[in-house]
Amino acid sequence: MDEGCSRIRRRVSVRKRNRRSLESVFAALTAAELKPGDEEKEDEDEETVAGSRRRKTMDVQPVENIDSEEDMFGDYDSFAENSFLAQVDDLEQKYLQLPEHRKHATDHATEDLCSESIKHNTLSITTVGDCTELKIDEHTKNQSGHEDVPIDPEADVLYDIPSSQVLFFENLYNSSNDLGDPSTEERDWNSSSHKTVNEELPINNVEQPQQTDESSSKVRTSSDANRRKSLKDHLKNTMTGNAKAQTPVFSRTKQLKETLLSEEINVAKKTIESSLDDLGPFYSLPSKVRDLYVQFKGIEKLYEWQHACLTLNSVQERKNLIYSLPTSGGKTLVAEILMLQELLCRRKDVLMILPYVAIVQEKISGLSSFGVELGFFVEEYAGSKGKFPPIKRREKKSLYIATIEKGHSLVNSLIETERINSLGLVVVDELHMIGEGSRGAILEMTLAKILYTSKTTQIIGMSATLNNVEDLQEFLQAEYYTSQFRPVELKEYLKIKDTIYEVDSKAENGMTFSRLLNYKYSDTLKKMDPDHLVALVTEVIPNYSCLVFCPTKKNCENVAEMICKILSKEYLKHKEKEKHEVIKNLKNISNGNLCPVLKHTIPFGVAYHHGGLTSDERKLLEEAYSAGVLCLFTCTSTLAAGVNLPARRVILRAPYVAKEFLKKNQYKQMIGRAGRAGIDSTGESILILQEKDKQQVLELISRPLENCYSQLVQEFTKGIHTLFLSLIGLKIATNLGDIYHFMSGTFFGVQQKILLKERSLWEITVESLRYLTEKGLLQNDTILTEKGLLQKDTIHGSEEEFQYSFHITKLGRASFKGAIDLAYCDSLYRDLKKGLEGLVLESLLHLIYLTTPYDMASQCHPDWMIYFRQFSQLSPAEQNVAVLLGVSENFIGKKASGQAIRKVDKNIVNRLYLSFVLYTLLKETNIWSVSEKFNMPRGYIQNLLSGAAAFSSCVLHFCEELEEFWVYRALLVELTKKLTYCVKAELIPLMEVTGVLEGRARQLYNAGYKSLMHLANANPEVLIKTIDHLSRRQAKQIVSSAKLLLHEKAEALQEEVEELLRLPSDFPGIVASSVEKA
497 MDEGCSRIRR RVSVRKRNRR SLESVFAALT AAELKPGDEE KEDEDEETVA
547 GSRRRKTMDV QPVENIDSEE DMFGDYDSFA ENSFLAQVDD LEQKYLQLPE
597 HRKHATDHAT EDLCSESIKH NTLSITTVGD CTELKIDEHT KNQSGHEDVP
647 IDPEADVLYD IPSSQVLFFE NLYNSSNDLG DPSTEERDWN SSSHKTVNEE
697 LPINNVEQPQ QTDESSSKVR TSSDANRRKS LKDHLKNTMT GNAKAQTPVF
747 SRTKQLKETL LSEEINVAKK TIESSLDDLG PFYSLPSKVR DLYVQFKGIE
797 KLYEWQHACL TLNSVQERKN LIYSLPTSGG KTLVAEILML QELLCRRKDV
847 LMILPYVAIV QEKISGLSSF GVELGFFVEE YAGSKGKFPP IKRREKKSLY
897 IATIEKGHSL VNSLIETERI NSLGLVVVDE LHMIGEGSRG AILEMTLAKI
947 LYTSKTTQII GMSATLNNVE DLQEFLQAEY YTSQFRPVEL KEYLKIKDTI
997 YEVDSKAENG MTFSRLLNYK YSDTLKKMDP DHLVALVTEV IPNYSCLVFC
1047 PTKKNCENVA EMICKILSKE YLKHKEKEKH EVIKNLKNIS NGNLCPVLKH
1097 TIPFGVAYHH GGLTSDERKL LEEAYSAGVL CLFTCTSTLA AGVNLPARRV
1147 ILRAPYVAKE FLKKNQYKQM IGRAGRAGID STGESILILQ EKDKQQVLEL
1197 ISRPLENCYS QLVQEFTKGI HTLFLSLIGL KIATNLGDIY HFMSGTFFGV
1247 QQKILLKERS LWEITVESLR YLTEKGLLQN DTILTEKGLL QKDTIHGSEE
1297 EFQYSFHITK LGRASFKGAI DLAYCDSLYR DLKKGLEGLV LESLLHLIYL
1347 TTPYDMASQC HPDWMIYFRQ FSQLSPAEQN VAVLLGVSEN FIGKKASGQA
1397 IRKVDKNIVN RLYLSFVLYT LLKETNIWSV SEKFNMPRGY IQNLLSGAAA
1447 FSSCVLHFCE ELEEFWVYRA LLVELTKKLT YCVKAELIPL MEVTGVLEGR
1497 ARQLYNAGYK SLMHLANANP EVLIKTIDHL SRRQAKQIVS SAKLLLHEKA
1547 EALQEEVEEL LRLPSDFPGI VASSVEKA
């Protein structure tokens, strides 16, 4: 037999016979019975029969593949040629005469599917001599000793359909082309009958297995042994295969869409791997991605720099990259395209690190729609949200969007579970933050660990304000790309008294005269507005937008009120209806409360924006500003580093942030908000300054950006100490030599010559390890002594010293797993231990105290009268908590009356005060009433709440590592959830959706959307009409986020089921057999 024919997945041998009956039966039946009248009758019953046939087929239990003689044929496996073929004829006659099978032949849904597949060459049927080559069911292997050629299931939509049905559907397709033409029908049936006779029988077997058994049992004659064996084996294989196969029900449209997307992804993947210049439909991505950017973000074309950056050789070769452009230059889009390439083409997970929770949530809302459409998960790691280690997905990949702190914990968990190589790409926005305090130290640790443990993970860093890029390049082993591109031209101005100067680097003193302000001020107005702010803002509002940056929060509110007092009444008429709607919505989300300042300023289109606002208020005001309802924001510098709210004109009220003089990086970020791409032709920034600050400001605008320096050693407890603890805990480096080697590769290691003047890197390494050992977080084999290790004249230790090894203690492991600041890990352990002696569970107060953040307590300044009033209202059980902590009512009373008293631990007293705030908030769930009771800004209370939720999550992980604290585990899970949402229980499922805060959750709940399933199945257009002040973009984002979250939960449950049913890898039988093979 020809070798090419023999290599098939399942063989169907067709014996040549000269018996006329086989052909004549089909020919006669086709010509005589398939008349037009019959066709119409068959068409009428088409849907009913199709459904019943599918049900009947799917209900059949798969038949096991049996190799013994006692199989589905019983003992009757001897067939004489004449009687067997005669029986075949009889069965064919019966089969074709059955009405059900005649109707079966007219199932047009199956016919459409088959014809579509044949058109796409998904079914290959070739007849050569005595061999029919088919691509069919994987479940049945050829048992006649021939080799099999594996067939890719994804390449064939009819892959799981039995061969008999494949050929049957093909004949239906051929005959349907010439339906009503008897001669054509006769020709088709005659030509195919020779091939299909042996394949028609198994259909009968699938649907009526008992009938086959009975008919075969009647045949008992002898024949040639070889022929008998051949016939039996062939028929047995064919029937067993077809009995096992089930006919799947396909959605043809969905199948074609998925096939097209899969093909494009495969093409893109091959293109990336080949590193050719031609990158496929859309930068190595399916064309659907380009369509989604048009649909969701209105982006039809990339800027030239974006195209140049994406086509860099270093990007194609997956080298690490740092790129820097001015604010509003479109940096994020490049990162998004690179992330999608990793997720869709290379099939790896991606981590995106962003500086603030609000930006994380904004990014998740924006990318959830892409996740739903393109089949990947978008997971939030911010505050108390995030699972460690992340869920291991079977098929879909995950995009983790994280804050700096949560990103670090995520990377730690991936290293610990040996899954760090599953992370294909890490994107860091605002890379310059690596030089900013403890958060910079955490970011540096995260990147250093990735570089050290995974050679396949690519790192992309971006920023608008980078100067000493060479150091960062050396640290990240990265290429650098920069451009001065800005979609809108930016003009910088300085204002001194009533004169405006344009910043000009070519001028002698750095500025040139521009114009005089001609706004007429009365003497009264000059006193109210000495800086001429009203004159500057009225040049652009209300038709264009304006931002006024102020040094302090209080100044923001004062400036907003002052401007509104001077503005004419005409401004009240601009978008009057929409502004009333904003006020109404602010009241709704705040239980009827409204800030008196906003009540006065919003009718003029003016509002303040700073940390004193709640998240709900801030979000609503930002939406109103973006829609053009509000035209002026007075804000603090945090807005520049946070959400993207551009303006035609940006005014800097003074060259100060709080009491500190402005830095060049801060200045650049603020003025970078000027000019809105696609709306404004130019953007303007005006810095107001006094004569005394003129020289300093001129130096500021002419000097380069500040360098960023490693904070690893400056922030000891959150920096180098935490790093060493995690290195040893994760077994990345456990001896002195490896730890020193790791440190040499950090950003600090690159800058050690600049940063270290008096001590060497070796000395700092040894000192830090000794500190951790003395604190009980590490244990080492050899005592680190001054004499042995700290030789002032040596930079490196001896070979023996390099081998000193360390291992982590239980307390050390708990501290690094819980991401606890090492400055507080001792205090936390003591407090939890003491709590076990008399944990008060009659109320939540004691647990809340244990999860109140230490760092916020140290900055707290209690109002003693309020403290005393709240203390006196406590129940006996709650007062018992204070007694256990050593704080008495007498002490608080004396402090309130101003008496000098004995010293009590200030941190405990302050922490208990903040616990009262949180406890009251959980009971009332109304920030406004709590703000009034404790005379605290509502924004501060909300920050306290989110800080407590995050710390509660950390304490939970801390307790999970220490067996003695088992009692806290279940308690803290529930408390963390309460602190995270701080709403009535029924709103929690809705608030799990990114971007849905309390106010919005209440609106949705009142409108009947009471669960995640409701939101996931909601129609965005209906939501817009039902929910007040909800834009189409927001509605779509809410629905997409809900769908994604629902899919994540379903996938997690499915994986849990599969894990439970999977045979363990360490199962005794498997282990034994593998040992035997070895």
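Just so we're aligned: the sequence shown equals residues 497 to 1574 in this note's numbering.
All residues carry an ideal CB built from backbone N, CA and C; glycine is no exception.
Values in this document were obtained by computation on a predicted structure and should not be read as measured data.
(message) Taking the beta carbon of Gly1308 as the centre, do at least 16 other beta carbons fall within 10 Å, making it buried, or is it exposed?
(response) buried
(message) Please classify Gly931 as buried or exposed, where buried requires at least 16 neighbouring CB atoms within 10 angstroms.
(response) buried
(message) At 4 residues or longer, what runs of the alpha helix (DSSP H) sit wholly inside the stretch 1430–1483?
(response) 1434–1456, 1462–1477
(request) Verify whether the separation of the beta carbon atoms of Leu1475 and Ala1503 is less than 8 angstroms. (result) no
(message) Cutting at 6 angstroms between CB atoms, please list the residues of its own chain near Leu675, excluding the five before and the five after it.
(response) With a pLDDT of only 44 at Leu675, under 50, the local geometry of the prediction cannot be trusted, and no value is derived from it.
(message) Using the Cβ count rule (16 or more neighbours within 10 Å means buried), how would you classify Leu1328?
(response) buried
(request) On a CA-only basis, which of Gly957, Asp967, Glu985, Thr995 is nearest Tyr977? Give me that one, please. (result) Gly957
(request) State the Cα-Cα distance for the pair Asp1027 and Gln1162, rounded to the nearest angstrom. (result) 21 angstroms
(message) Assuming His1096 is part of the alpha helix (DSSP H), what are its boundary residues?
(response) 1092–1097
(request) Count the other CB atoms, across all protein chains shown, that sit within 10 Å of the CB of Thr899; report buried if there are 16 or more and exposed otherwise. (result) buried
(message) Suppose you measure from the CA of His1106 to the CA of Arg1114; what does that come to, to the nearest Å?
(response) 8 angstroms
(message) What would DSSP say about Val1383, mapped onto helix, strand or coil?
(response) coil
(message) If you reduce the DSSP assignment to three classes, tell me which class Asn1014 lands in.
(response) coil
(message) DSSP three-state label for Cys1131, please.
(response) In the three-state DSSP reduction, Cys1131 falls in the strand class (E or B).
(message) Tell me the DSSP secondary structure of Thr899 in three-state form.
(response) strand
(request) Could you give the DSSP three-state label for Trp917: helix, strand or coil? (result) Sequence check: residue 917 is Asn here, not Trp. Here Asn917 sits in helix by DSSP.
(message) Buried or exposed for Met1166, going by 16 or more other Cβ atoms inside 10 Å?
(response) buried
(request) Alpha carbon to alpha carbon, how far is Thr949 from Lys1050? Give it in angstroms, no decimals. (result) 48 angstroms
(request) Would you check if the distance between the CB atom of Tyr1040 and the CB atom of Ser1010 is smaller than 8 angstroms? (result) no
(message) Using CA atoms only, rank isn't needed, just tell me which of Ala1154, Asn1089, Ile1184, Ser918 is closest to Val1044.
(response) Ile1184
(request) Please check the pair Val785 and Phe778, which I expect to be a contact at CB under 8 angstroms, by giving their CB distance rounded to whole angstroms. (result) That pair is a contact at about 5 angstroms.
(request) Identify, in the order they occur along the chain, each residue of the same chain with its Cβ nearer than 8 angstroms to the Cβ of Tyr1017, setting aside the five sequence neighbours on each side. (result) Asp1025, His1028, Ala1031
(message) If I measure Cβ to Cβ from Glu1053 and keep anything under 7 angstroms in the same chain, skipping five residues before and after, which residues do I get?
(response) Val1093, Tyr1104
(request) Go ahead and label Tyr1015 buried or exposed: buried means 16 or more other beta carbons lie within 10 angstroms of its beta carbon, across all protein chains shown. (result) exposed
(request) Could you tell me how far apart the beta carbons of Tyr1501 and Leu1486 are, in whole angstroms, since I believe they sit closer than 8 angstroms? (result) 6 angstroms
(request) Give, in chain order, every unbroken run of the alpha helix (DSSP H) that is at least 4 residues long and sits entirely within the stretch 978–1043. (result) 1019–1024, 1029–1033
(request) Give a yes or no on whether the C-beta atoms belonging to Ile1147 and Leu1116 are separated by under 8 angstroms. (result) Annotated as distal: Ile1147 and Leu1116, with beta-carbon spacing of 8 angstroms or more.
(message) Can you find the residues in the same chain that come closer than 7 angstroms, C-beta to C-beta, to Glu1211, ignoring five residues on each side of it along the sequence?
(response) Closer than 7 angstroms at Cβ, skipping near neighbours: Gly933, Ser934, Ala937.
(request) Taking 8 angstroms as the threshold, find out whether the stretch 971–987 comes into contact with the stretch 1267–1274 through three or more Cβ pairs. (result) no
(message) Is the separation between the beta-carbon of Thr953 and that of Gly903 shorter than 8 angstroms?
(response) no
(message) I need the boundaries of the beta strand (DSSP E) containing Tyr948, first residue and last residue.
(response) Here Tyr948 belongs to no beta strand (DSSP E); instead the alpha helix (DSSP H) covers 933–949.
(request) Use the C-beta contact count for Met1239: other C-beta atoms within 10 angstroms, 16 or more gives buried, fewer gives exposed. (result) So Met1239 counts as buried.
(message) Considering just the uninterrupted stretch of the beta strand (DSSP E) at Ser959, what are its terminal residues?
(response) 954–959
(request) In angstroms with no decimal places, state the Cα-to-Cα distance between Val1400 and Ser1384. (result) Rounded to the nearest angstrom, the two C-alpha atoms are 10 angstroms apart.
(message) Which residue marks the beginning of the beta strand (DSSP E) containing Met848, and which one marks its end?
(response) Per DSSP, the continuous beta strand (DSSP E) segment holding Met848 begins and ends at 845–850.
(message) For Ser1527, which residues in the same chain have their Cβ closer than 8 angstroms to its Cβ, ignoring the five residues on either side in sequence?
(response) Glu1119, Ala1123, Ile1520, listed in sequence order.
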